[in-house]
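In my numbering, the protein residues as written are 463 to 1211.
Using N, Cα and C, we set each Cβ at its ideal position, and we do this for glycine too.
This report concerns only the one structure given below.
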């Protein structure tokens, strides 16, 4: 295998037993996984259907399958199990659905569907959505699921109250009644089958795969790790590949301890480190190492490259976000003029809100761009409406889909009718669709309402009957015609309705592409198969291969690479983000790893900007440079901007840089505006702030930086205080972000 270095070869040729591969950024981990699978197929005669390879995006799974087809041949790789955790579990659950009380045509609810179900549950429980918003309650429920905790096992305490526990139980019951699952359920259901000892299904699952390989292992959560351990239990051939330095998803349940503690769980595991970077120049690699070396508890790795030294990292101080955007556009123009394709240029930012000014500047200069993580095609109302029709025809028990399209297009079924149907369904313990006959036989509805509701049920029943003889594409077209949805949009005859019609036609085209793919793979094309594919699409999967500059958060950039990267907003309170508890080492380390990921996405050139002042969410803040900038080795950085004359790379000289802005009682003059004096990293409030805010209670005092506790949000840190009786506190709660809460709802540490 001449294409592999010694460490890669060691990982590929390891035959049996657990294997842990620490793969530094750009070190060829995907190559190792693909060659390892090819070696198992060709040299050890492992049947392809006995190999499971798990990735974190559909895009990565597709690329891995394509590489394997090239290396080992399509005939050998056709039956491989390659996919994301969700797609693999969806496939397994179609086979073992009966073990968890589901029917084979179960549907997968996306984020908006889940929120709709939770909103209905909270309404049934008569909970105030200002105190118990569907989004926040759902977030708390999903955190429990990612830990493998069902509603019956929830412990009520400071982190979770009885109302949230009850909402969890009802939410889960509503999913079961609708023959539906959410994303966490896909994994949790399969995990419970695989860990079960009382049925043959569990034993069959544990013995199904002889080799299990997991990419991006540092991003696994508790139930994902438990699942791959269960699936590899019989042969113990579990190969995990990852990089603790790129663990950046704790906010969605990823647990860095999975990779750092793997040796404890598997004492006999072979450990291989991939430390040679094949992606970036020496200067970029040195910059990345400078930032990450201070992270606590990391596995020691000495990333290196034999590549060119490359250009220095250009770090530029700008006045504000407008000057930053102008600088970004100018840099992109120069890169394009030098021959760098637009698709090889990316602009990164810490949070989505930073993109607005950048987008405006790019549009003004006619620079083509695509933004990852904004309004996605499958989130558009008309697209979701047609998908809801398809799902309801496929599974009439899906209440979320029923509620979405029962009056789309308008057919005289109003909120009162739906509320009456909800009450009837709750009383009888059935789905909304199944509750229609009993409601029609009663006296709760007027004649006109009964007529309209009965007509809707007949229409869905007729479509279900027709669906048996139609392809998914034909069924979609039939729905658009039979419901009058297409004709209604045509009659509107506006630019907006034309755009919606185009989106619907694009969706029909997407279904046709799915049918073509299924035919090539020798599989049957079904409505449920297409809906499953759509449900599991991620932001990165929708990234188009078109000649345009890419705008995205650093979180979204994971797994990608570009010739030129522009990293914006490198200021304290922006990156690391201002919600950070500066005293919490784990949070700071994750921000540091996020910066490491951002830097290592660049192959040839990296441009970094930080602003003296930034207006975001309607507030202007005066910010010091990010602490991560002082970690960049001086020899690999070219600094631009007037303030750099006083700033070196040595961390001890950081105070010198800060003094140009904040020290000696001098507020900086920026654009004629005098900024308040502050310490680096401290937020400036553009309204009256109070060091101490008192109440009538003796001893009551709260100030920025104080630690607080809220019964639903948990522990937080005060960022600012607004006067009032009682005062209002703006605090950051990990997992919930910044929240404005009355002080008397908080306990203070």
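Excluding sequence positions up to five away, which residues of its chain have a Cβ less than 8 Å from the Cβ of residue 690? Here residue 690 is taken as the residue at index 228 of the chain shown, counted from 1. So the qualifying residues of the chain are 516, 674, 676, 682, 700, 702.
Margin query: Going by beta-carbon coordinates alone, are residue 1088 and residue 1014 separated by less than 9 Å?
Written below: Numbered from 1 along the chain shown, position 626 holds the residue referred to as residue 1088. Numbered from 1 along the chain shown, position 552 holds the residue referred to as residue 1014. In this structure, residue 1014 does not lie closer than 9 Å to residue 1088 by Cβ.
What whole-angstrom Cβ distance do residue 900 and residue 886 have, given they're in contact under 8 Å? Locating residue 900 in the chain shown gives position 438, counting from the first residue. Locating residue 886 in the chain shown gives position 424, counting from the first residue. Indeed, because the Cβ distance is near 6 Å, the residues count as touching under 8 Å.
Once DSSP output is grouped into helix, strand and coil, what is the label at residue 1140?
Walking along the chain shown from the start, residue 1140 turns up at place 678. Interpretation of residue 1140 is limited by its pLDDT of 30, a score under 50 that renders its predicted location unreliable; the figure taken from the coordinates is listed afterwards. Correct three-state label for residue 1140: coil.
Do the stretch 901–909 and the stretch 933–945 make contact, defined as three or more Cβ pairs closer than 8 Å?
Result no; under three Cβ-Cβ pairs closer than 8 Å.
Check whether the Cβ atoms of residue 1050 and residue 856 lie closer than 9 Å to each other. Within the chain shown, numbered from 1, the residue matching residue 1050 stands at position 588. Within the chain shown, numbered from 1, the residue matching residue 856 stands at position 394. Cβ atoms of residue 1050 and residue 856: not closer than 9 Å.
Open item on the list: Alpha carbons only, please: which of 1017, 709, 875 is nearest the one belonging to residue 917?
Closed with: In the chain shown, the residue the question calls residue 917 occupies position 455. Considering only alpha carbons, the answer is 875.
Other residues of its chain near residue 1132: CB distance less than 6 Å, five sequence neighbours each side excluded = For the purposes of this step, residue 1132 is identified with residue 670 of the chain shown, where counting begins at 1. With a pLDDT of only 29 at residue 1132, under the threshold of 50, the placement of this residue in the model should not be trusted; the figure read from the coordinates follows. Contacts found: 1074, 1075.
* **Helix, strand or coil at residue 1145 [DSSP, three-state]** => Reading the chain shown from its first residue, position 683 is the one you call residue 1145. Low local confidence applies: a pLDDT of 26 at residue 1145 is under 50, so the model's placement there is unreliable, with the coordinate-based value given in what follows. Secondary structure of residue 1145 (DSSP, three-state): coil.
_I believe residue 966 touches residue 959 by the beta-carbon criterion, under 8 Å. Please report the beta-carbon distance rounded to the nearest angstrom._
Indexing the chain shown from 1 puts residue 966 at position 504. Indexing the chain shown from 1 puts residue 959 at position 497. The beta-carbon distance between residue 966 and residue 959, rounded to whole angstroms, is 10 Å. This is too long to meet the 8 Å contact definition.
### Message
Assuming the contact rule is C-beta atoms closer than 8 Å, residue 501 and residue 475 should be a hit. Round their C-beta distance to whole Å, please.
### Response
For the purposes of this step, residue 501 is identified with residue 39 of the chain shown, where counting begins at 1. For the purposes of this step, residue 475 is identified with residue 13 of the chain shown, where counting begins at 1. The Cβ separation is near 7 Å, so the contact holds.
(message) Assuming residue 483 and residue 820 are in contact, meaning their beta carbons sit under 8 Å apart, how far apart are those beta carbons, in whole angstroms?
(response) Here the question's residue 483 lines up with position 21 in the chain shown. Here the question's residue 820 lines up with position 358 in the chain shown. Taking 8 Å as the upper bound for CB-CB distance, residue 483 and residue 820 are not in contact here, some 37 Å apart.
Margin query: For the alpha helix (DSSP H) containing residue 444, name the first residue and the last one.
Written below: A query on residue 444 cannot be resolved here, the shown segment of the chain reaching from 463 to 1211 and no further.
Worksheet item: Is it the case that the Cβ atoms of residue 686 and residue 649 are separated by a distance below 9 Å?
Response: As a first step, residue 686 is located in the chain shown; it is residue number 224 there, counting from the start. As a first step, residue 649 is located in the chain shown; it is residue number 187 there, counting from the start. Yes, Cβ-Cβ distance for residue 686 and residue 649 is below 9 Å.
Going along the chain, which residues of its own chain have a beta-carbon closer than 8 Å to the beta-carbon of residue 653, five neighbours each way excluded?
-> Position 191 of the chain shown, counted from the start, is the residue given in the question as residue 653. If we look at residue 653 and ignore the five residues flanking it on each side, its Cβ neighbours are 610, 685, 688, 689, 692.
Does DSSP put residue 709 in a helix, in a strand, or in coil?
-> Counted from its first residue, the chain shown places residue 709 at position 247. Note: residue 709 maps to coil in three-state DSSP.
> Whose C-beta lies closer than 7 Å to the C-beta of residue 817 among residues of the same chain, with five residues either side of it excluded?
Replying inline: Residue numbering aside, residue 817 sits at position 355 when the chain shown is read from its first letter. If you ignore the 5 residues before and after residue 817, its C-beta comes within less than 7 Å of the C-beta of 811, 833, 1013, all in its own chain and listed in chain order.
| said: For chain B, check one thing: does any of its Cβ atoms lie closer than 9 Å to the Cβ of residue 986? | reply: No chain B appears in the structure shown, which is made up of a single protein chain.
- Query: Which residues bound the alpha helix (DSSP H) around residue 690?
  - Reply: Reading the chain shown from its first residue, position 228 is the one you call residue 690. Start and end: 684–693.
Go ahead and label residue 1120 buried or exposed: buried means 16 or more other beta carbons lie within 10 angstroms of its beta carbon, across all protein chains shown.
Counted from its first residue, the chain shown places residue 1120 at position 658. Residue placement at residue 1120 is poorly supported in this model, since its pLDDT is 37, which falls under 50; the coordinates still yield a value, given next. Looking at its Cβ environment, which holds 16 or more other Cβ atoms inside 10 Å, residue 1120 is buried.
Give a yes or no on whether the C-beta atoms belonging to residue 754 and residue 1058 are separated by under 9 Å. Residue mapping note: residue 754 aligns to position 292 of the chain shown, counting from 1. Residue mapping note: residue 1058 aligns to position 596 of the chain shown, counting from 1. Result yes, Cβ atoms of residue 754 and residue 1058 sit closer than 9 Å.
Legend entry - Buried or exposed (CB count within 10 angstroms, at least 16 for buried), residue 806: What you label residue 806 is simply residue 344 of the chain shown in a count that begins at 1. Around the beta carbon of residue 806, a 10 Å sphere encloses 16 or more other beta carbons of the protein chains shown; the residue is thus reported as buried.
Q) Between 579, 608, 646, 884, which lies nearest to residue 636 when the distance is taken from Cα to Cα? A) Locating residue 636 in the chain shown gives position 174, counting from the first residue. Its Cα nearest to that of residue 636, the residue 579 stands out among 579, 608, 646, 884.
message: Is it buried or exposed, residue 1048, if we count other Cβ atoms within 10 angstroms and call 16 or more buried?
response: Mapped onto the chain shown, residue 1048 falls at position 586. Counting other Cβ atoms within 10 Å of its Cβ, residue 1048 stays below 16 and is therefore classed as exposed.
Quiz item: So the alpha helix (DSSP H) residue 991 belongs to, where does it begin and stop?
Solution: Looking up residue 991 in the chain shown gives position 529. Bounds of the alpha helix (DSSP H) holding residue 991 are 989–997.
### Message
Once DSSP output is grouped into helix, strand and coil, what is the label at residue 907?
### Response
As a position in the chain shown, residue 907 is number 445, starting the count at 1. Three-state result, residue 907: coil.
Taking DSSP's pairing of strands, which residues face residue 570 in a bridge?
Start at 1 with the first residue of the chain shown, and residue 570 comes out as number 108. Per the DSSP secondary-structure output, residue 570 pairs in a beta bridge with 643.
Distance, Cα to Cα, residue 1205 vs residue 1181?
Position 743 of the chain shown, counted from the first residue, corresponds to residue 1205. Position 719 of the chain shown, counted from the first residue, corresponds to residue 1181. Looking at the two C-alpha atoms, the distance is approximately 13 Å.
So what does residue 807 bridge to, in DSSP terms?
-> Here the question's residue 807 lines up with position 345 in the chain shown. Its beta-bridge partners are 1026.
Grouping DSSP H, G and I as helix and E and B as strand, with all else coil, what is residue 603?
As a working note, residue 603 is residue 141 in the chain shown. The DSSP-derived three-state label of residue 603 is helix.
Can you tell me which of the three DSSP states residue 1035 falls into?
-> For this step, residue 1035 is matched to residue 573 along the chain shown. If DSSP states are grouped into helix, strand and coil, residue 1035 belongs with the strands.
Closest by CA to residue 769, which one among 1017, 995, 738? Looking up residue 769 in the chain shown gives position 307. The candidate whose alpha carbon is nearest that of residue 769 is 738.
Less than 9 Å between the beta carbons of residue 658 and residue 565, yes or no? Taking the chain shown and counting its residues from 1, the one referred to as residue 658 is at position 196. Taking the chain shown and counting its residues from 1, the one referred to as residue 565 is at position 103. In this structure, residue 565 does not lie closer than 9 Å to residue 658 by Cβ.
message = At 3 residues or longer, what runs of the beta strand (DSSP E) sit wholly inside the stretch 895–962?
response = No beta strand (DSSP E) of 3 residues or more sits fully in the stretch 895–962.
**Prompt:** Taking the alpha-carbon positions, what's the residue 511 to residue 544 distance?
**Reply:** By 1-based counting over the chain shown, the position of residue 511 is 49. By 1-based counting over the chain shown, the position of residue 544 is 82. A direct Cα-to-Cα measurement between residue 511 and residue 544 gives close to 10 Å.
- Item | Local conformation of residue 1294 per DSSP, three classes | Not covered by the structure: residue 1294. The range shown for the chain is 463 to 1211.
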